[in-house]
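Novice: Top line first, the protein sequences correspond to chains A and B.
Counting from 0, one number per residue, gives the positions in the first sequence under numbering that gives the first Met the number 0.
Counting from 0, one number per residue, gives the positions in the second sequence under numbering that gives the first Met the number 0.
Quick reminder that beta carbons are idealized off the backbone N, C-alpha and C, glycines included.
2 protein chains.
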Amino acid sequence: MLAEERNPLKVLSLGSRNVAVIVNLETGRDKGSEDALDRLTHLVSGDLAQVNQLILQHMQSDVQLIPQLAGHIIAAGGKRLRPLLTLASARMCGYHGPRAAGLAACVEFIHTATLLHDDVVDESALRRGEASANVLWGNKASVLVGDFLFSRAFQLMVQDGSLRVLEILSGASAVIAEGEVLQLMTSNDTTTTEQAYLEVIKGKTAALFAAACEVGAVVADRPKVEQQALDTFGLNLGIAFQLIDDALDYSARQEALGKTVGDDFREGKITLPVILAYLRGDAEERGFWQRTLEKVEQDEADLRHAIQLMERHGTLKDTVNRAAHYGAIARDALGIFPDNAEKRALIDVVDFCIQRGF
Amino acid sequence: MLAEERNPLKVLSLGSRNVAVIVNLETGRDKGSEDALDRLTHLVSGDLAQVNQLILQHMQSDVQLIPQLAGHIIAAGGKRLRPLLTLASARMCGYHGPRAAGLAACVEFIHTATLLHDDVVDESALRRGEASANVLWGNKASVLVGDFLFSRAFQLMVQDGSLRVLEILSGASAVIAEGEVLQLMTSNDTTTTEQAYLEVIKGKTAALFAAACEVGAVVADRPKVEQQALDTFGLNLGIAFQLIDDALDYSARQEALGKTVGDDFREGKITLPVILAYLRGDAEERGFWQRTLEKVEQDEADLRHAIQLMERHGTLKDTVNRAAHYGAIARDALGIFPDNAEKRALIDVVDFCIQRGF
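1) Would Ala-100/B and Ala-219/B qualify as a contact pair, given that the criterion is a beta-carbon distance under 7 Å?
2) Report the residue from Glu-107/A, Ala-216/A, Glu-122/A whose alpha carbon sits nearest the alpha carbon of Gly-137/A.
3) Could you tell me whether the Cβ atoms of Ala-132/A and His-71/A are closer together than 7 Å?
4) Are there 16 or more other CB atoms within 10 angstroms of the CB of Arg-311/B, so buried, or fewer, so exposed?
5) Give a yes or no on whether the minimum CB-CB distance between Phe-108/B and chain A is below 7 Å.
6) DSSP state of Arg-126/A, grouped into three classes?
7) Among the residues of its own chain, which have a CB less than 6 Å from the CB of Cys-212/B, if the five just before and after it don't count?
8) For Glu-193/A, which three-state DSSP category applies?
9) Quick check: the stretch 167-178 of chain A against the stretch 167-174 of chain B, are there 3 or more CB pairs under 8 Å?
10) Have a look at Glu-179/A and Gln-154/B and give me their C-alpha separation to the nearest angstrom.
11) With burial defined as no fewer than 16 other Cβ atoms inside 10 Å of the residue's Cβ, what is the status of Gly-334/B: buried or exposed?
12) How long is the line joining the alpha carbons of Arg-163/A and Glu-225/B, rounded to whole angstroms?
13) When the distance is taken between beta carbons, is Leu-197/A closer than 7 Å to Ala-329/A?
14) Helix, strand or coil for Gln-354/B? Go by DSSP, reduced to three states.
15) According to DSSP, is Met-309/B part of a helix, a strand, or is it coil?
16) Under 7 Å, do Leu-148/A and Phe-108/A count as touching if we go by C-beta distance?
17) Measuring CB to CB, does Glu-293/B end up less than 7 Å from Thr-189/B?
18) To which residues of the same chain is Asp-159/A closer than 7 Å at the C-beta, ignoring the five residues directly before and after it?
19) Does Phe-240/A come within less than 7 Å of chain B when only Cβ atoms are used?
20) Would you give the residue range spanned by the alpha helix (DSSP H) that Pro-66/B belongs to?
21) Ser-150/B lies in the alpha helix (DSSP H); which residues open and close that run?
22) Who are the neighbours of Glu-293/B on chain A, taking C-beta pairs under 9 Å?
23) Tell me whether the beta-carbon of Ile-243/B lies closer than 7 Å to the beta-carbon of Cys-352/B.
24) Does DSSP put Ser-186/A in a helix, in a strand, or in coil?
25) Given a limit of 7 Å on CB to CB distance, which residues of the stretch 170-186 of chain B reach chain A?
26) Please list the partners that Ala-140/A has in chain B, where partner means a Cβ-to-Cβ separation under 8 Å.
27) When DSSP labels each residue in this structure, what does Ile-346/A get in the three-state scheme?
28) Show which residues of chain D have a CB atom less than 8 Å away from the CB atom of Leu-333/B.
29) So if I threshold CB-CB distances at 9 Å, which residues from the stretch 54-81 of chain B count as touching chain A?
30) If you check the beta carbons only, do Met-156/B and Cys-105/B fall under 7 Å apart?
31) Measure the CB-CB distance between Gly-96/A and Leu-115/A and report whether it falls below 7 Å.
32) So what does DSSP say about Met-91/B, is it helix, strand or coil?
33) If you follow the alpha helix (DSSP H) that Phe-208/B is in, where does it begin and where does it stop?
34) Please report how far the alpha carbon of Ala-322/B lies from the alpha carbon of Tyr-249/B, in whole angstroms.
35) CA-CA distance, Ile-346/B and Glu-266/B?
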């Protein structure tokens, strides 16, 4: 969809904090869902300002390189999607106290720490359109400042003082690390199954989404069934989010987001669009994937050919379809919660995540 | 000191768990202090077996690379000095329950995680005489498995359930990361002050020693003053331990420990023996240090010349003397505790740490 085809419904949702705009016109999806994220941000704007303040405060250190490097990656922005999930989940559960902001900052610190380590492991040069920290300050600094932010995340959790919260977030951290190692092991293996790949993204992405949402119910002191519902919501939203990210890595729309197209391809990273193309391809095509992604022998024209193969077999489209499936599970998981502005905004965020892929 | 010159006092301390052997004969130091560590190990052997079991259990993962890599670095042995400190501190404080073993395992996991990251950052090829994990499995796996072990450490803390313990250990983790970053910043800077260097080793080494000891008093539910005494003991023991390590890096005795001599020199790492040699050297010598450690332009003969300069200015000896000062503070910190076998063993460990340097 081109930008100029976008949505006339924008007006409907502007400033209408409590109106759930279900944008189901094909041409309306994209802009409507961007508004969804704005709407969510607006709903929790007071808490979010507090989160940003906590982030700034806790990334300080007498060791100057730490706030410099951390400030670069944290200021580089991003959508603060994970903290938003914590804040909105807590509010949806009726919690309006100060603990959600601390935990949201903690979640963002864990996320930022993993980004720093990911960029080292992936040898990435760009992060959100800017030179990545490993390029600017080197791999060593990125590893160590990542460790620092990770430790700060734990200090923030400890300050919160809830052992249940500590259990959820420390458990998520271990699962994230496991997912990253699993990804390293499946790297360059074109025979990776869809199931194995699902385990990777559950770890590297979805576990933190799940934890971010679940702690919202915990601080609100809601029953186990609601905690589990938010865990399910976050997990499936996270899977959907990552699948869309993987599809976008081969999509021209990626460039509009300030990201390089074909990073995963160049690193020989095996994601669902590739797994499906390999499974659906003939012997010659499999030879192509083995050469380019297992042996990582690539020339100029290979990325274009890879995208052509994906389009021929509809694997980008089907990756988005798979994402839509997990998105649907996420939406349904919120069914037990009474209708309110935050619930509607969270559901709209699911749509936002999926629709990035169209 | 050569092995055959070693100590006739060995007999005195063999099997004598409760006798504090103050080995002040020059020829007796070394063997007596090795026995000190054996004695400490023997005192808490039941708990230590439990620690080793917990370590094995918690490094498991469905992701096979994790137990493989973690097993390599953890099985590579080491003295388990940090867990021993936790176990002995707890027992000295009268605690004989199961929590100390869990926290000792946690401390060892934090230590192992930092070792994995250190070896990546330092580009080390050997660890305790064996190929290091980054050489065998690559930097990426070492970073990520380090993250996993770090997360497991936090899970073990959370299982313990004490917020005070969580506060101490998460605080130590943040200080460790800060110390590592500070070390990276002072790297290759020959004008690093002794004070700045002290901050580095407080962070990278002494903070975990301090936390390992302090939690012993916390699980024993001892008053604040005893918690602080053990914090002081561990901090100063840790500083002494690291200073001796830094001296050993330029010592022939290092080879006997299965470590390479001159690792710090080759990496341009600025440690106290270098700082003192730079301060005490003339312009030509400072030029030598700048070329070899700032520009890291080194040839075959440079390490030998560096050691000659250190010997000329007595900086290795004085580094050990500085260490002895911190060792003395550590010993005195235990003054408030009543005499018992564990207290005597901990004091002997201070001697062990210092005497490694002679």
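Specialist: Reading from the atomic positions:
1) In the second sequence, residue 100/B corresponds to position 101, counting from 1. In the second sequence, residue 219/B corresponds to position 220, counting from 1. Cβ distance not < 7 Å, so Ala-100/B and Ala-219/B don't count as in contact.
2) The count along the first sequence starts at 1 and reaches residue 137/A at position 138. Of the listed residues, the one whose Cα sits closest to Gly-137/A is Glu-122/A.
3) Start at 1 with the first residue of the first sequence, and residue 132/A comes out as number 133. Start at 1 with the first residue of the first sequence, and residue 71/A comes out as number 72. Closer than 7 Å, so yes.
4) Here residue 311/B is taken as the residue at index 312 of the second sequence, counted from 1. Only exposed fits Arg-311/B, as fewer than 16 other CB atoms lie within 10 angstroms of its CB.
5) Translated into the one-based positions of the second sequence, residue 108/B becomes position 109. So no, Phe-108/B is outside the interface.
6) Reading the first sequence from its first residue, position 127 is the one you call residue 126/A. Correct three-state label for Arg-126/A: strand.
7) Here residue 212/B refers to the residue found at position 213 when the second sequence is read from its first residue. Shown here for Cys-212/B: same chain residues with a beta carbon closer than 6 Å to its own, the five before and five after excluded, namely Leu-84, Ser-88, Leu-229, Phe-232, Gly-233 in chain order.
8) If you number the first sequence from 1, residue 193/A lands on position 194. In this structure, Glu-193/A counts as helix in the three-state DSSP scheme.
9) no
10) Looking up residue 179/A in the first sequence gives position 180. Looking up residue 154/B in the second sequence gives position 155. C-alpha separation (whole angstroms): 18 Å.
11) Taking the first residue of the second sequence as position 1, residue 334/B is located at position 335. Gly-334/B should be labelled exposed.
12) Taking the first residue of the first sequence as 1, we reach residue 163/A at position 164. Taking the first residue of the second sequence as 1, we reach residue 225/B at position 226. Taking the straight line joining both Cα atoms gives about 29 Å.
13) Counted from its first residue, the first sequence places residue 329/A at position 330. Counted from its first residue, the first sequence places residue 197/A at position 198. Note that the C-beta distance between Ala-329/A and Leu-197/A is not below 7 Å.
14) The count along the second sequence starts at 1 and reaches residue 354/B at position 355. Gln-354/B: helix per DSSP, three-state reduction.
15) Within the second sequence, residue 309/B is the residue found at index 310, counting from 1. DSSP places Met-309/B in helix when its eight states are reduced to three.
16) The residue labelled residue 148/A in the question sits at position 149 within the first sequence. The residue labelled residue 108/A in the question sits at position 109 within the first sequence. Cβ distance < 7 Å, so Leu-148/A and Phe-108/A count as in contact.
17) The count along the second sequence starts at 1 and reaches residue 293/B at position 294. The count along the second sequence starts at 1 and reaches residue 189/B at position 190. Contact: yes.
18) Taking the first sequence and counting its residues from 1, the one referred to as residue 159/A is at position 160. So the qualifying residues of the chain are Arg-98, Gly-101, Leu-102.
19) For this step, residue 240/A is matched to residue 241 along the first sequence. For Phe-240/A, the answer is no, since every Cβ of chain B falls outside 7 Å of its Cβ.
20) Position 67 of the second sequence, counted from the first residue, corresponds to residue 66/B. Looking at the DSSP string, the run of the alpha helix (DSSP H) that includes Pro-66/B is 64-74.
21) Position 151 of the second sequence holds residue 150/B. 138-159 is the extent of the alpha helix (DSSP H) around Ser-150/B.
22) Along the second sequence, read from residue 1 onward, the residue named residue 293/B stands at position 294. Ordered by position in chain A, no residue passes the 9 Å Cβ test against Glu-293/B, which lies about 17 Å from the chain.
23) Start at 1 with the first residue of the second sequence, and residue 243/B comes out as number 244. Start at 1 with the first residue of the second sequence, and residue 352/B comes out as number 353. Yes, the Cβ-Cβ distance between Ile-243/B and Cys-352/B is below 7 Å.
24) The sequence position of residue 186/A within the first sequence is 187, counting from 1. Ser-186/A: coil per DSSP, three-state reduction.
25) Gly-170, Ser-172, Ala-173, Ala-176, Glu-177, Glu-179, Val-180, Leu-181, Leu-183, Met-184
26) In the first sequence, the residue the question calls residue 140/A occupies position 141. In chain order: Val-180, Leu-183.
27) Counting from 1 along the first sequence, the entry for residue 346/A is found at position 347. In this structure, Ile-346/A counts as helix in the three-state DSSP scheme.
28) Any reference to chain D falls outside this structure, whose protein chains are A and B.
29) Ser-60, Asp-61, Val-62, Gln-63, Leu-64, Ile-65, Leu-68
30) Against the second sequence, residue 156/B aligns to sequence position 157. Against the second sequence, residue 105/B aligns to sequence position 106. Yes; because the gap between Cβ atoms is below 7 Å, this pair is in contact.
31) The residue labelled residue 96/A in the question sits at position 97 within the first sequence. The residue labelled residue 115/A in the question sits at position 116 within the first sequence. Against a cut-off of 7 Å, the Cβ pair of Leu-115/A and Gly-96/A comes out as no contact.
32) In the second sequence, counting from the first residue as 1, residue 91/B sits at position 92. The answer is helix: DSSP assigns Met-91/B an H, G or I state.
33) Counted from its first residue, the second sequence places residue 208/B at position 209. It spans 206-218 - the alpha helix (DSSP H) in which Phe-208/B sits, taken as one unbroken run.
34) The sequence position of residue 322/B within the second sequence is 323, counting from 1. The sequence position of residue 249/B within the second sequence is 250, counting from 1. Our two residues, Ala-322/B and Tyr-249/B, have alpha carbons roughly 16 Å apart in a direct line.
35) Position 347 of the second sequence, counted from the start, is the residue given in the question as residue 346/B. Position 267 of the second sequence, counted from the start, is the residue given in the question as residue 266/B. Whole-angstrom Cα-Cα distance: 34 Å.
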